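Heads up, the final residue of the sequence shown is numbered 804 in this note's numbering, and it's a clean run with no missing numbers.
What follows is a set of notes on a single structure, which appears directly below.
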Amino acid sequence: MTKDKFSNAQPEDLMAVTAKKRVLETVRNKRDFLFKPADKIENILKWTTGDYKSGRFRIMLYRFLTDHIPLINSCIWTWVRLASAPGSYKISGTTDKIVEEKARRVLEKLYDRLYSNTLGNRTGTVSLLPMLFSGLFRDGLFGGFLTVNRDFSGVDRFLPIDSVDLGYESEGIRPGLYLDRGIRRWSLDRPDFYYLSLSNDPGEPLGRSILKSVPFISYIEQQLVNDMQKTSHNSGYHRLHVKITPPERMAGESDNAYTERINGYFDATVRMIKTCDIDDNPVTWDNVAIEYIGPDRSRDISNSWFMNHRAMIEDICAGTNLAPYLLGYSFGATTTWSNFKFDVVMRQVRSVQAEVARFMEWVGNIELALTNFEATCRFVFDNSFAYQAMENVNVQSARVNNILKLFEAGLVEKKAAEEIIRELI
């Protein structure tokens with residue numbers, strides 16, 4: 380009989396020896412499948428690659444940056460609130476004023492009930508639009524399902540889904556979007572699902588977040604802030620060093636008397652410094668010197684840090700396509716230049732709003748179809764501001780006058796002119 384190689388084990392190794400014997404016996408008897416083939420392990424590990432391809436890790440990183448870095452949070456907040464302007468439906472495709480008014484009222488009710496928050500309250504589109512734009516700007520995509528009433532009498536509500544659960548499959552016979560809930564995967568090639576993406580292209584079917592170019596520079600900016608915190612903590616700003624020169628010893632004064640006198644003078648000076656208020660001035664003999672403890676040329680150091688931090692802020696703002704003044708960072712820009720940059724930002728907002736307006740029109744047209752209206756709708760965002768009111772009125776007046784001139788000249792028919800003026804109003 381072959382001698383057991385574990386028989387000479389020391390008492391302290393008995394537990395380890397027993398475990399090794401159990402493993403070897405299980406492997407020899409092929410029980411419990413402790414060891415698995417390579418393809419089984421690869422299938423288990425494949426989720427990391429899948430998550431990377433689906434963009435889950437990037438989206439979680441963008442959300443972490445938005446939640447923890449004030450500057451990035453302000454960028455996303457500004458974009459979302461600029462884009463989430465109030466809007467309204469416009470009825471088209473019918474000339475009957477009664478039908479138009481009824482359809483408008485139906486869509487107004489839809490606007491107020493389209494979305495329910497996590498508590499089940501029907502907060503409507505006013506709450507849906509900020510969440511939609513937040514998903515577009517931060518995650519790069521947004522999607523959800525449109526539901527209808529059980530009797531198909533109209534649209535019930537829109538159910539958004541978490542962007543991290545969306546993926547794209549480029550392989551196979553039918554590539555496209557899918558919903559991954561961990562246990563099961565569903566294809567989203569269905570009529571009740573609507574999907575929006577920011578800067579969609581063949582290389583990035585899941586859209587492109589405006590934070591894609593920010594993580595590296597934001598890491599440097601946070602390092603700079605951390606270094607400044609350490610420097611400020613160790614440099615000892617606003618500290619004073621009080622030096623007291625002991626008075627001369629008087630003739631015939633004993634050692635104990637002299638020690639008590641200079642200690643009393645020292646204690647009195649300390650009490651005076653401690654109790655000196657902001658608007659008080661210390662009064663001493665000329666044997667007391669007060670010095671400032673801190674780095675030399677502290678103003679130059681502060682200015683240097685400010686300029687470095689300002690460069691980081693400008694890079695982050697540029698990465699999110701915003702101007703620094705929109706976030707409260709005023710670097711001396713003139714009013715004309717600020718207005719120009721604001722107009723550029725609003726043009727970008729309108730381009731994103733155009734895609735969201737198509738989504739709202741898709742919902743509205745389904746509602747009109749289910750409620751048996753022979754009409755269609757358009758959704759228009761109101762991006763007007765008080766300081767632009769007079770300018771907008773002048774522009775609209777000029778457009779209406781041009782249409783009237785074209786009609787009087789016989790270049791535009793009356794029906795076409797009325798339709799154009801109705802759209803302007």
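No residue lacks a Cβ here, since even glycine has one placed at the ideal position from N, Cα and C.
From a predicted model like this one, the values you see are computed outputs, not experimental measurements.
Hey, would you say residue i sits closer than 7 angstroms to residue j, going by beta carbons?
i      : j      : result
Ile455 : Arg517 : yes
Thr755 : Ser471 : yes
Arg536 : Ser495 : yes
Leu461 : Val728 : yes
Leu489 : Glu746 : yes
Ile692 : Ser542 : no
Val779 : Leu785 : no
Phe738 : Tyr573 : yes
Got a sec, what are the start and stop residues for the beta strand (DSSP E) residue i sits in?
i      : result
Pro581 : Note, Pro581: premise wrong, no beta strand (DSSP E); not H, not E.
Leu335 : This structure cannot settle anything about residue 335, because the visible part of the chain is limited to 380 through 804.
Asp367 : Residue 367 is absent from the model: the chain starts at 380 and stops at 804.
Phe537 : Val534 to Pro539
Leu790 : Careful: Leu790 lies outside any beta strand (DSSP E) and carries neither H nor E.
Val662 : Note, Val662: premise wrong, no beta strand (DSSP E); not H, not E.
Arg618 : Arg618 to Ile623
Short of 8 angstroms in beta carbon distance, which residues of its chain neighbour residue i, apart from the five on each side in sequence? Order them along the chain.
i      : result
Thr648 : Val621, Ile623, Thr663 and Val667
Glu753 : Gly472, Thr473 and Val478
Leu444 : Ile451, Leu590, Val593, Pro594 and Ser597
Ile540 : Gly522, Gly523, Phe524 and Leu558
Arg442 : Arg517 and Asp518
Ser549 : Pro584
Beta-carbon within less than 6 angstroms of residue i's beta-carbon, same chain only, minus the 5 sequence neighbours each way: which residues are those?
i      : result
Tyr637 : Arg628
Gly555 : Asp568
Thr699 : Cys454 and Ile589
Lys720 : Ala702
Ser513 : Val459
Asp491 : Gly503
Roughly how many angstroms lie between the CA atoms of residue i and residue j, to the nearest whole one?
i      : j      : result
Tyr558 : Val759 : A small correction: the amino acid at residue 558 is Leu; Tyr does not occupy that position in the sequence shown. For Leu558 and Val759, the distance between alpha carbons rounds to 31 angstroms.
Glu797 : Ser467 : 20 angstroms
Leu511 : Arg689 : 31 angstroms
Arg801 : His447 : 47 angstroms
Glu600 : Cys696 : 12 angstroms
Ile641 : Asp659 : 24 angstroms
Leu486 : Val731 : 22 angstroms
Gly789 : Gln775 : 21 angstroms
Asn762 : Asp656 : 54 angstroms
Glu805 : Lys793 : This structure cannot speak to residue 805, because the chain is shown only from 380 to 804.
Leu545 : Leu525 : 16 angstroms
Leu424 : Phe436 : Reliability fails at Leu424, whose pLDDT of 44 lies under 50, so the model's placement of it is uncertain and no value is given.
Ala736 : Leu493 : 15 angstroms
Glu632 : Glu639 : 11 angstroms
Val742 : Gly503 : 13 angstroms
Met651 : Phe645 : 10 angstroms
Thr497 : Asp580 : 33 angstroms
Ala795 : Val459 : 36 angstroms
Leu619 : Ala630 : 34 angstroms
Glu480 : Ser532 : 19 angstroms
Arg484 : Lys469 : 11 angstroms
Ile669 : Pro626 : 17 angstroms
Arg560 : Asn687 : 44 angstroms
Gln608 : Gly643 : 40 angstroms
Leu538 : Asn528 : 13 angstroms
Phe685 : Leu603 : 10 angstroms
Asn718 : Pro449 : 25 angstroms
Pro661 : Tyr671 : 15 angstroms
Asp694 : Gly582 : 25 angstroms
Asn605 : Ile562 : 42 angstroms
Can you check DSSP and say which residues form a bridge with residue i?
i      : result
Val759 : Ser467
Gly546 : Tyr557
Ser566 : Tyr557
Phe572 : Phe524
Tyr598 : Per DSSP, none; premise fails for Tyr598.
Arg801 : Looking at the DSSP assignment, Arg801 forms no beta bridge with any residue, so it has no partner.
Glu670 : His620
Ser863 : An answer regarding residue 863 cannot be provided, because it is not within the stretch 380 to 804 covered by the chain.
Among the residues of its own chain, which have a CB less than 7 angstroms from the CB of residue i, if the five just before and after it don't count?
i      : result
Glu740 : Cys756, Arg757 and Phe758
Arg327 : The chain is shown only over 380 to 804; residue 327 falls outside these bounds and no answer can be derived.
Leu508 : Ser463
Ile799 : Ile782
Please list the terminal residues of the continuous alpha helix (DSSP H) segment that includes residue i.
i      : result
Val649 : Asp634 to Thr654
Leu525 : It is not in any alpha helix (DSSP H) - Leu525 instead sits in the beta strand (DSSP E) that spans Leu520 to Val527.
Ile438 : Arg435 to His447
Phe512 : Thr504 to Ser513
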